[in-house]
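Residue numbers (the numbering used here): 89 to 507. Backbone N, C-alpha and C fix where the C-beta goes; we use that ideal spot for every residue, glycine too.
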Amino acid sequence: MTSAQGAGQGPARWGMLAVISLGIMALTLNWFDVATAFPLIGAQFKVGLGSLSYLISLYIVGYGLTHIPGGMLATAIGMKKTLVLGLFVQGLAGIMSGLSQSYAELAVCRVVSGVGGSVFVAVGTAAVVVWFRDKDVTLALGITGGAAFSAGAAFALYVWLYVQRATSWHTSLILAGVFELLVMVVTLTAFKVPEGAQSLGGITFDRAALRASLASRDLWIYGVALFGGYGAYFTTSQLFSEYVTLDRHLGTSTGGLLAALIGLAGIPGSLLGGYYADRSRNLRMFVVGPLIAVAALLVLIPVAPASALWALGIGIGFFLIFGFAAWLAVPARVCNIEHQHIGTATGLMLTLAAVGGFFIPIIFGHLVSHTSFDTGWVFLAIVSFAFALVGLAGRNPATASNRRRADGHRPPRRGRSPA
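Given below as structure tokens:
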């Protein structure tokens with residue numbers, strides 16, 4: 089296995105975590121800012137909820153298709169160059185989204201934005217694992233994939249609403265893209281790989297090792313387990329404000345705040361989930377349990393009074409990201425993937441989950457258009473619960489004795505030691 093000397097020690101790893109977290113925040117800002125502009129986009133381009141929900145799925149198209157190529161690219165050209173490239177592509181796509189003058193142009197830009205975000209997030213996850221693998225890896229993944237992700241989403245879903253009102257939806261998307269390009273410069277200047285991890289600067293492909301990594305059963309099982317919850321989370325976070333304003337007749341600002349709280353709830357969720365999952369061998373419980381909780385909260389939305397929607401939205405954001413921190417740790421803690429292939433392995437899991445992120449918002453949009461929002465929420469609850477059950481087949485992190493048994497070695501016999 090690749091050595092990364094000093095990766096688990098010293099203050100440098102926390103500085104690298106801050107750089108990756110800043111990139112994740114820029115990524116989610118450019119992901120979710122379009123949702124805030126849905127009413128304005130719909131009015132200008134004369135499209136309804138079905139077409140607007142399709143914009144969510146189009147981002148996931150680019151996002152899902154390039155996770156694995158992004159990880160492979162990082163192996164070939166190096167981790168830092170790939171991180172910078174991902175930020176550049178998404179930042180530029182954000183600017184172009186703001187310059188779009190038709191629905192078709194905006195749709196294409198959303199796909200390209202997803203490509204850049206995909207490359208960055210898979211390799212960013214690998215970067216966190218490289219720096220924290222020996223200690224606090226699940227907590228660190230919770231900070232980036234949960235807290236930073238949730239903070240960026242909340243910022244986009246609430247603060248960016250006021251930016252759009254002060255300027256226009258076009259200008260707000262351009263500003264988000266410019267911000268990501270500035271973060272790209274910070275990453276180019278500040279990010280580095282640990283000493284002793286020269287392979288992370290780019291190496292020749294080892295096809296056999298890569299195939300072995302991608303063949304790990306637990307990558308597939310846990311990837312599929314998130315299929316429903318992943319799609320449900322992105323659908324809810326980006327369309328909940330539409331629901332509370334159209335069906336529950338709450339104000340636009342109230343709807344934006346409710347959507348933002350779904351994101352913000354992920355911050356304590358990720359920190360608590362990462363902290364406690366780091367101290368538990370039952371990682372499976374930390375993945376499957378929260379997904380079942382999300383399904384239970386979703387099914388309550390149609391029957392809950394308006395005052396209870398706050399608690400349901402916060403609960404959905406909290407539990408999904410609580411489990412997501414443990415889910416991100418599967419390649420390192422359960423599958424024991426080598427450093428140079430972590431990005432590709434994580435990319436496989438994210439790609440599997442992204443299939444749900446693509447189809448579920450589309451199905452939800454069509455269900456709501458032809459029936460009601462209530463039917464849509466029940467649908468999200470069912471798919472979240474059904475796919476969460478797949479995770480029960482996933483394994484937990486292996487102990488040293490389990491590894492010896494798997495390798496065909498008998499554990500030492502217990503008994504009195506010789507005198």
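- Taking only runs of the alpha helix (DSSP H) that begin and end inside the region 330-395, which ones reach a length of at least 4 residues, in chain order? 340-352, 354-366, 371-388
- Along the alpha helix (DSSP H) that carries TYR191, what are the first and last residues, could you check? What you label residue 191 is simply residue 103 of the sequence shown in a count that begins at 1. Its alpha helix (DSSP H) spans residues 191-220.
- Taking Cβ to Cβ, would you say VAL422 is nearer than 8 Å to ASN484? Locating residue 422 in the sequence shown gives position 334, where the first residue counts as 1. Locating residue 484 in the sequence shown gives position 396, where the first residue counts as 1. Contact flag set, yes.
- Count the other CB atoms within 10 Å of the CB of PRO282; is the residue buried (16 or more) or exposed (fewer)? Numbered from 1 along the sequence shown, position 194 holds the residue referred to as residue 282. It is buried - the Cβ of PRO282 has at least 16 other Cβ atoms within 10 Å.
- Task: Tell me, to the nearest whole angstrom, how far the beta carbon of TYR147 is from that of GLY230; I am working on the premise that it is less than 8 Å.
- Result: Residue numbering aside, residue 147 sits at position 59 when the sequence shown is read from its first letter. Residue numbering aside, residue 230 sits at position 142 when the sequence shown is read from its first letter. In fact, because the Cβ distance is near 23 Å, the residues do not count as touching under 8 Å.
- GLY311: first and last residue of the uninterrupted alpha helix (DSSP H) it sits in: Stepping through the sequence shown from its first residue, residue 311 is reached at position 223. Per DSSP, GLY311 belongs to the alpha helix (DSSP H) from 305-313.
- Whether PHE452 touches LEU440 by CB criterion (8 Å): By 1-based counting over the sequence shown, the position of residue 452 is 364. By 1-based counting over the sequence shown, the position of residue 440 is 352. Going by C-beta atoms, PHE452 is not nearer than 8 Å to LEU440.
- Item | Residue from GLY344, LEU153, VAL122 whose Cα sits closest to the Cα of ALA264 | Counting from one through the sequence shown, the residue named residue 264 turns up at place 176. Among GLY344, LEU153, VAL122, the Cα nearest to that of ALA264 is on VAL122.
- Query: If we count the other Cβ atoms within 10 Å of its Cβ and call it buried at 16 or more, is THR116 buried or exposed?
  - Reply: Taking the sequence shown and counting its residues from 1, one reaches residue 116 at position 28. Buried, by the Cβ-count rule.
- Message: Could you give the first and the last residue of the continuous alpha helix (DSSP H) run that contains ASN118?
- Response: By 1-based counting over the sequence shown, the position of residue 118 is 30. From DSSP, the alpha helix (DSSP H) with ASN118 extends over 100-124.
- Item | Inter-residue spacing [alpha-carbon to alpha-carbon] between ALA585 and ILE350 | Residue 585 cannot be examined here, being either before or after the span of the chain that is shown, 89 to 507.
- Message: Once DSSP output is grouped into helix, strand and coil, what is the label at THR163?
- Response: Position 75 of the sequence shown holds residue 163. Three-state result, THR163: helix.
- Task: State yes or no: is the C-beta of ALA409 within less than 8 Å of the C-beta of SER206?
- Result: Here the question's residue 409 lines up with position 321 in the sequence shown. Here the question's residue 206 lines up with position 118 in the sequence shown. Note on residue identity: the sequence assigns Ile, not Ala, to residue 409. It is not a contact, given that the beta carbons lie outside the stated cut-off.
- Task: Would you mind giving the Cβ-Cβ distance between VAL471 and ALA320, rounded to the nearest angstrom? I have them listed as a contact below 8 Å.
- Result: Indexing the sequence shown from 1 puts residue 471 at position 383. Indexing the sequence shown from 1 puts residue 320 at position 232. VAL471 to ALA320, Cβ: 7 Å. Contact.
- Go to ILE409, then tell me how far its alpha helix (DSSP H) extends in each direction, as first and last residue. Your numbering for residue 409 matches position 321 in the sequence shown. That run of the alpha helix (DSSP H) goes 397-416.
- According to the neighbour-count rule (16 or more other Cβ atoms, all chains shown, within 10 Å of its Cβ), is LYS223 buried or exposed? Position 135 of the sequence shown, counted from the first residue, corresponds to residue 223. So LYS223 ends up on the exposed side.
- Message: According to DSSP, is GLY136 part of a helix, a strand, or is it coil?
- Response: In the sequence shown, counting from the first residue as 1, residue 136 sits at position 48. Three-state result, GLY136: coil.
- Any contact of the region 156-169 with the region 209-226, i.e. 3+ C-beta pairs under 8 Å? yes
- Query: What do you reckon, are the CB atoms on THR232 and ILE108 nearer than 8 Å?
  - Reply: As a first step, residue 232 must be located in the sequence shown, where it is residue number 144. As a first step, residue 108 must be located in the sequence shown, where it is residue number 20. Against a cut-off of 8 Å, the Cβ pair of ILE108 and THR232 comes out as a contact.
- Item | For ILE451, the three-state DSSP class (helix, strand or coil) | Indexing the sequence shown from 1 puts residue 451 at position 363. Residue state, collapsed to three classes: helix.
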